[in-house]
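Line by line, the protein sequences are chains A and B. Going by this note's numbering, the first sequence wraps up at 211, each residue one higher than the last. Going by this note's numbering, the second sequence wraps up at 1211, each residue one higher than the last. Think of the CB as a built atom: it goes at the ideal place given N, C-alpha and C, for glycine as much as any other residue. Model, not experiment: these values are computed from the prediction.
2 protein chains.
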Amino acid sequence: MSRPTKQSPERGNARIRLLESARDIVRAKGFAATTVDDLCRSADVTKGAFFHHFESKDALGVAAAEFWTEKTSAFFAAAPYHDLADPLERVLGYVAFRKAIIEGDLAAFTCLVGTMAQEVYASSQGIREACGRSIFGHAETLEADIEAARRERGITGDWTAQSLARHTQAILQGGFVLAKAGNDPALAREALDHLARYIRQLFHVTEETIA
Amino acid sequence: MSRPTKQSPERGNARIRLLESARDIVRAKGFAATTVDDLCRSADVTKGAFFHHFESKDALGVAAAEFWTEKTSAFFAAAPYHDLADPLERVLGYVAFRKAIIEGDLAAFTCLVGTMAQEVYASSQGIREACGRSIFGHAETLEADIEAARRERGITGDWTAQSLARHTQAILQGGFVLAKAGNDPALAREALDHLARYIRQLFHVTEETIA
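Here you go:
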């Protein structure tokens, strides 16, 4: 509180509260339907404070995507699948972890940046690019393990680690769309079961050999 | 023109023009960002005509999803993959057909009902349900071929035809999200390459045996 800073603690908190409100409200009703008033009310800040922190709603959208990247990166970096010794177990552990956290309210487990990219890809280049960096940056965190698993197990094939890493994200994003359309989180979990089966097949292992 | 009908040709055309405008504009910028004025301008109808045909924007959304279902059902029913003799070839032919039609503008090949479900799943139950009927109804059109292929080839496994049919739609929807986030249709085609590889693995066939 007494650190020499140009930004007061209150002001810093207002920004974070606005980003957290964006994360929650946009996932519940989409970016276009989320108004600046919605965000101010939820974050308990004035409109003046909003425009002090973000020059426009689009700027808030970009910052919300970046905030999402920052928070989810830390969350997945700390997840237990990284501790597994075998790189293929780490890859399958990632898929199992993604499945395990799909529960409860759709707005609580679905993806902010997938939702925003779906909606504003053509109308806000800045938001689209921030969403792309988030999704493809997250996919990249899987590449080293997939490549190591391929090398260790002598797997060849007409696919790359980069492409399979991206595919895990396509299946997650598509699973979220189906879960929303069918109003049932089990539809997203089912997609991840298919993904785990696909990866086991690519690496010629069964559920008995590697869980 | 002279058929006895309660609806004038002009009036019928206005409704269709509004539904076609919704199909195109919602895919380009999302449902919430699409205003009734946008739709009227694009369809060249008055606001009075809009509300003559649709009692609300949500009612237009439901009708647009149903119009989408009707048009895409006819389009896929007439597609060439149905003519293949082998049910597995028909399933893989479907995937190849979906890949072949992914080209050009993102708004032209992405999915109206996936986009709307993503956005309004929690705010409009009517639209969500119409989108769900569209996506899961389309998935159902694949089930008989998948089941026939399983039976003919004696394939067992802990997956069902219904589940694999749904998974094709998860991969399509997720591929569209990645194509939008990365501004590149090739990202959606890549997801379908993984899907074709997965299906071949499930049925123990290679690209050489079945194209």
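B:Leu1164 sits away from A:Gln173, with the two beta carbons spaced by 8 Å or more. Listed along the chain, the chain B residues whose CB falls inside 8 Å of the CB of A:Arg153 amount to none; the nearest CB is some 16 Å away. Exclusion of the five residues before and after A:Ala43 leaves Ala14, Arg17, Leu18 and Ser21 as the residues of its chain whose Cβ lies within less than 7 Å of its Cβ. Per DSSP, A:His204 lies in no alpha helix (DSSP H) segment and is marked neither H nor E. The alpha-carbon of B:Val1045 is positioned some 36 Å away from that of A:Glu55. Under the three-state reduction of DSSP, A:Cys131 is assigned to helix.
For B:Glu1055, the three-state secondary structure derived from DSSP is coil.
Unbroken beta strand (DSSP E) stretches of 3 residues or longer found wholly inside the segment 1085-1155 of chain B: none. Contacts with chain A at 8 Å (Cβ-Cβ) include B:Glu1190. With the rule of 3 Cβ pairs closer than 8 Å, the segment 1102-1110 of chain B does not count as touching the segment 1060-1079 of chain B. Within the same chain, Cβ atoms closer than 7 Å to the Cβ of B:Cys1040 are found at Thr1046, Lys1047 and Phe1050, the five residues on either side in sequence being excluded. For A:Ala79, there is no enclosing alpha helix (DSSP H), as DSSP marks it with neither H nor E. In terms of Cβ geometry, B:Ala1148 and B:Pro1087 form a close pair [threshold 8 Å]. Around the CB of A:Thr115, 16 or more other CB atoms lie within 10 Å, so the residue is classed as buried. For the options A:Ala188, A:Val113 and A:Arg153, the alpha carbon positioned closest to that of B:Thr1168 is the one of A:Ala188. Considering only A:Asp145, A:Glu152, A:Phe176 and A:Gly175, the residue with the shortest C-alpha distance to A:Ala161 is A:Asp145.
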